[in-house]
Each structure stands twice: as structure tokens, then as C-alpha cells.
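Visitor:
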Amino acid sequence: MTYKTGAGRETMMSVRADNPNAQIATKLRALYLSVQEEAVPDRFLDLLERLDAVERQSMPDVAE
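In the numbering used here, the protein residues as written are 145 to 208.
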């Protein structure tokens, strides 16, 4: 079987047609790879930066 991943790469995976568990595993693996290659949205990165800033402000200063 040939699957397209998120970046357009083809992945060759040999799966027996009579083994539904292997087919499911192969499709889940291909889906995971495509999701893994997706970029993180800028909106989400901005939110993480704001949360980090609030966390730093709420922590007491530690003398070195």
C-alpha cells in the first residue's frame, strides 16, 4: 500500500489485505506522520508565549 503523508511524501508499507488490524495500524501510522509534519499555528504559539510571560511574572524572584 502507498500512503501520502502531509508533506506529499509517499510511504510504502506492506500490509496483508486479510489482516484488518495491520491495515488499521498502517493507516493510523500514516495519519500520525501527516499530523506530525503540520506546522504549529501562529495563534497557538502566541498563546503559549503569553502564558509563559504570565507564569514568569507570577513567580517570585530568586536571588542568585
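Backbone N, C-alpha and C define an ideal beta-carbon position, used for all residues, glycine too.
None of the values given here were measured: they were computed from a predicted structure.
#1: Using a Cβ-Cβ cut-off of 7 Å (strictly less than) and excluding sequence neighbours within five positions of L191, which residues of its own chain qualify?
#2: Can you round the beta-carbon distance between R120 and A166 to whole angstroms, since I take them to be within the 8 Å contact cut?
#3: So, helix, strand or coil for E199, using DSSP?
#4: Give the secondary structure of V184 by DSSP, where H, G and I count as helix, E and B as strand, and everything else as coil.
#5: Would you identify the three-state DSSP class for N163, choosing helix, strand or coil?
Guide: A quick look at the data gives this:
#1: One-based indexing of the sequence shown puts residue 191 at position 47. Here L191 has no same chain residue with a Cβ atom under 7 Å from its own Cβ, once five neighbours each way along the sequence are excluded.
#2: Since the displayed the chain opens at 145 and closes at 208, residue 120 lies outside it and no answer follows.
#3: By 1-based counting over the sequence shown, the position of residue 199 is 55. Three-state DSSP puts E199 in a helix.
#4: Here residue 184 is taken as the residue at index 40 of the sequence shown, counted from 1. V184: coil per DSSP, three-state reduction.
#5: As a first step, residue 163 must be located in the sequence shown, where it is residue number 19. It is coil, neither helix nor strand.
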